[in-house]
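Novice:
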Amino acid sequence: RHYPVQSVTYAGLDPSDRRWDNSYLEGSVTKYVKNARMFAFVARKIGSRTDNTCHIFAELETEQPATAVVNFITKVMMGRR
Numbered sequence: 001r002h003y004p005v006q007s008v009t010y011a012g013l014d015p016s017d018r019r020w021d022n023s024y025l026e027g028s029v030t031k032y033v034k035n036a037r038m039f040a041f042v043a044r045k046i047g048s049r050t051d052n053t054c055h056i057f058a059e060l061e062t063e064q065p066a067t068a069v070v071n072f073i074t075k076v077m078m079g080r081r
């Protein structure tokens with residue numbers, strides 16, 4: 001799903017540093033983060049002025065760590081406003 005840049009209001013890592021166990025992927029994916037950091041972003045619901053939606057994710061590929069994704073959202077996407 002795609003969100004307009006102006007609808008994203010927050011992005012960050014899990015402050016409790018909780019992890020997602022990706023070990024179930026073993027055998028189906030060759031390269032992945034087994035103990036994945038969780039991160040999220042908050043966006044205004046499309047068509048609403050008052051409602052937000054929170055999307056929670058976990059790392060999958062080692063080449064795209066959660067810190068890089070959050071930095072991209074906050075500096076590149078949110079910084080363009």
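Using the UniProt record's numbering, the letters of the sequence shown correspond one by one to residues 1 to 81.
Heads up, the beta-carbon is just placed ideally off N, CA and C, and yes, glycines get one too.
Beta-carbon within less than 8 Å of residue 62's beta-carbon, same chain only, minus the 5 sequence neighbours each way: which residues are those?
Specialist: Cβ within range, chain order: 31, 32, 33.
Novice: Tell me whether residue 56 sits in a helix, a strand or coil according to DSSP, three-state version.
Specialist: Three-state result, residue 56: strand.
Novice: Residues in the same chain with beta-carbon distance under 7 Å from residue 41, minus the five sequence neighbours each way, listed in chain order, please.
Specialist: The answer, listed in chain order, is 8, 10, 11, 55, 73.
Novice: Looking only at its own chain, which residues have a Cβ that is under 7 Å from the Cβ of residue 70, when we skip the five neighbours before and after it?
Specialist: Around residue 70: 11, 12, 13, 39.
Novice: Suppose you measure from the CA of residue 59 to the CA of residue 49; what does that come to, to the nearest Å?
Specialist: Residue 59 and residue 49: Cα-Cα distance of roughly 30 Å.
Novice: How would you call residue 66, buried or exposed, if buried means at least 16 neighbouring beta carbons within 10 angstroms?
Specialist: So residue 66 ends up on the buried side.
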